[in-house]
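Data block below; observations after.
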Amino acid sequence: MAMVVSGVGTANNALALAWGAVLENQTDMDVRIVAEDSALVRHKLQKAGVIDITLAEFTSAKDGLEGVNGYETIDGGPFEMTIFWNSNIAPWGLPVKGNSPIKTIFDLKGAKIATLPQSPFIHTGVLSFLAAAGLKETDVTLVPMSNYSSAARAIIEDKVDTFFLSPISSVTHEIAATPGGIRWLPLPTKAENPDAVAGYLSVNPIAFFAPCPSGVESAIGVNMELQPQTYMSGPGADQELLYNVAKWLDEHYNDYKDASPTANLLKIDNFINFVVSNTFVPIAPGVVKYLKEKNLWTAEFEARQQANIVKVKAYNSAYAEALKLASDQKVSVNPANADWVKLWTDYKKQKGLEPFHP
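See the structure below:
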């Protein structure tokens, strides 16, 4: 079984290595973990069918299905993806050095903020916080970094002021343990500043917020974004494999739940409550089969599943038609080409395709 997850130093990488090793030891299955920081690259690998399971945040899945924010390429864009299981339920925020003069998000004007050009998810997180503060991209200096871990370390190396980072990542624990440590810029609650929350949601409409429940000590209780992260599968996935691995994850939970700091999140109750109950992506048929055997698949879940299948297929068909139109009109399919982006945007409107929401 081949899985592609986020890069070394992330909680998702550590999690996949942890439960993957237990699965391999107990079943003699060959489990291969590929580290890739770019959600866009992971999406393309999944669409190409060369990977069995792919890590994707809800935000990245939405961008991919809608073909926006860099996903509108020939080998990207919508396809009939499905969800296999949840990964982390991860908090995300903006940390600064402990002695930084930046105290709130409203002090970010003129700041240097690390970003990953290859990760639309990270870039969306940065832009969301800026919008919450009433700022634009031109109000700060974005500093491109090569990978997630180097961007995090850049904070304590005084190369940048902050970065869109998860408190549960391995590299976050590393930088938090340095002299002076780090602290987190709280996102105002709706009661404190409704305009700030509205600004955040104007960039990422599927975000939700809560006091940070886990991760480094300095982050606990700080209001920030919570992002469900899932293991996705592609249209040609081996459903028998997904059924058997889902069954193993459930039945052998006690064997791996302490293998990494976030492995306990893989409990089937979390999968039902955080993903199945809210997803806009269909659940993989092999996993549905297992949930039905467990009497956990409800009529409400089935109705959501069928609606999601119809919508994903509609986007997939429309994208194929738009690509043909672009070819006929000799329009280059490139996210940087305004003519192509307009063609695809207009075609979605023509087809009556609405954005994805949980």
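Whatever position you read off the sequence shown (first residue = 1), add 1312 for my numbering. For glycine and all other residues, C-beta sits at the position ideal for the given N, C-alpha and C. Here the structure is a predicted model, which is why all the values come from computation and not from measurement.
* Look at V1483 and A1464 and say whether their C-beta atoms are less than 8 Å apart. => For the pair V1483 and A1464, the CB atoms are nearer than the 8 Å cut-off.
* **Inter-residue CB distance, L1377 and Y1659 (contact presumed, cutoff 8 Å)** => L1377 to Y1659, Cβ: 15 Å. No contact.
* **Coil, strand or helix - Y1659 by DSSP** => Three-state DSSP puts Y1659 in a helix.
* Asked: Between which two residues does the beta strand (DSSP E) containing K1623 stretch?
  -> No beta strand (DSSP E) contains K1623, which is instead part of the alpha helix (DSSP H) from 1611–1640.
* Asked: Looking at T1394 and V1588, is the spacing between their C-beta atoms short of 8 Å?
  -> In this structure, V1588 lies away from T1394, with their beta-carbon atoms at least 8 Å apart.
* Express the C-alpha separation of F1521 and S1572 in angstroms, rounding to a whole number. => The straight-line gap from Cα to Cα measures roughly 24 Å.
* To do: May I ask which residues mark the beginning and end of the beta strand (DSSP E) holding V1368?
  => Note that residue 1368 corresponds to Ala in the displayed sequence, not to Val. Looking at the DSSP string, the run of the beta strand (DSSP E) that includes A1368 is 1365–1369.
* Assuming I1480 and I1487 make a contact with CB atoms under 8 Å, what is their CB distance in whole Å? -> About 13 Å separates the beta carbons of I1480 and I1487, which is beyond the 8 Å limit, so they are not a contact pair.
* Bridge partner(s) assigned by DSSP for L1538 -> Answer is P1403, F1520, bridged to L1538.
* To do: From the DSSP output, read off the bridge partner residues of S1545.
  => Paired residue(s): T1394.
* Please state if the CB of P1407 and the CB of L1454 are separated by a distance shorter than 8 Å. => Not in contact: L1454 and P1407 (Cβ atoms no closer than 8 Å).
* To do: Give me the Cβ distance between E1516 and N1400, rounded to the nearest whole Å; I'm assuming they're in contact under 8 Å.
  => A small fix is needed here, since residue 1516 is Asn in this sequence, not Glu. That pair is no contact at about 18 Å.
* Pair within 8 Å by beta-carbon distance, V1346 and M1315 -> For V1346 and M1315, yes; Cβs fall inside 8 Å.
* How would you call K1374, buried or exposed, if buried means at least 16 neighbouring beta carbons within 10 angstroms? -> Burial call: buried.
* To do: Can you say whether N1607 is buried or exposed, counting buried as having 16 or more other CB atoms within 10 angstroms of its CB?
  => Counting Cβ neighbours within 10 Å, N1607 comes out exposed, since fewer than 16 surround it.
* Asked: Which class does I1468 belong to by DSSP, given the choice of helix, strand or coil?
  -> The answer is helix: DSSP assigns I1468 an H, G or I state.
* Asked: According to the neighbour-count rule (16 or more other Cβ atoms, all chains shown, within 10 Å of its Cβ), is I1595 buried or exposed?
  -> Burial is judged here by how many other beta carbons sit within 10 angstroms of a residue's own beta carbon; I1595 has at least 16 and is buried.
* Asked: When we look at the beta-carbon of P1540 and count the other beta-carbons within 10 Å, is it buried (16 or more) or exposed?
  -> Buried.
* Asked: Can you give the Cα-Cα distance for G1671 and N1505, rounded to whole angstroms?
  -> For the chain, the structure presents residues 1313 to 1670; residue 1671 sits outside this window and is missing.
* To do: Provide the residue span of the alpha helix (DSSP H) that contains A1488, from first to last.
  => Counting along the chain, the alpha helix (DSSP H) containing A1488 begins and ends at 1482–1488.
* Taking three-plus beta-carbon pairs below 8 Å as touching, is the segment 1410–1430 in contact with the segment 1648–1659? -> No: fewer than three Cβ pairs fall under 8 Å.
* Just the C-alpha distance for A1619 and E1612, rounded to the nearest angstrom, thanks. => It is roughly 11 Å from the alpha-carbon of A1619 to the alpha-carbon of E1612.
* In chain order, what residues of the same chain have a beta carbon less than 8 Å from the beta carbon of Q1670, not counting five sequence neighbours either side? -> Reading off the sequence shown, one finds Pro at residue 1670, where the question assumed Gln. Counting only Cβ-Cβ distances below 8 Å, and skipping sequence neighbours, we find F1370, I1518, N1590, T1591, F1592.
* Drop a sphere of 10 angstroms on the beta-carbon of S1458, count the other beta-carbons inside from all chains shown, and report buried for 16 or more, exposed for fewer. => Counting Cβ neighbours within 10 Å, S1458 comes out exposed, since fewer than 16 surround it.
* To do: Put P1506 into one of helix, strand or coil per three-state DSSP.
  => P1506: helix per DSSP, three-state reduction.
* In angstroms, rounded to a whole number, what distance separates the CA positions of L1499 and A1489? -> Cα-Cα distance, rounded: 23 Å.
* If G1405 sits next to A1549, beta carbons under 8 Å apart, how far is it from one beta carbon to the other, in whole angstroms? -> Not really, about 33 Å apart at Cβ, beyond 8 Å.
* **M1544 versus L1327: straight-line alpha-carbon distance, rounded** => The straight-line gap from Cα to Cα measures roughly 15 Å.
* Best match in T1574, A1368, G1382, D1567 for proximity to N1649 [C-alpha to C-alpha] -> Ranking T1574, A1368, G1382, D1567 by CA distance to the CA of N1649 puts G1382 first.
* Local conformation of K1409 per DSSP, three classes -> Here K1409 sits in strand by DSSP.
* To do: Let me know the secondary structure DSSP gives V1643 once reduced to three states.
  => V1643 falls in the coil class under three-state DSSP.
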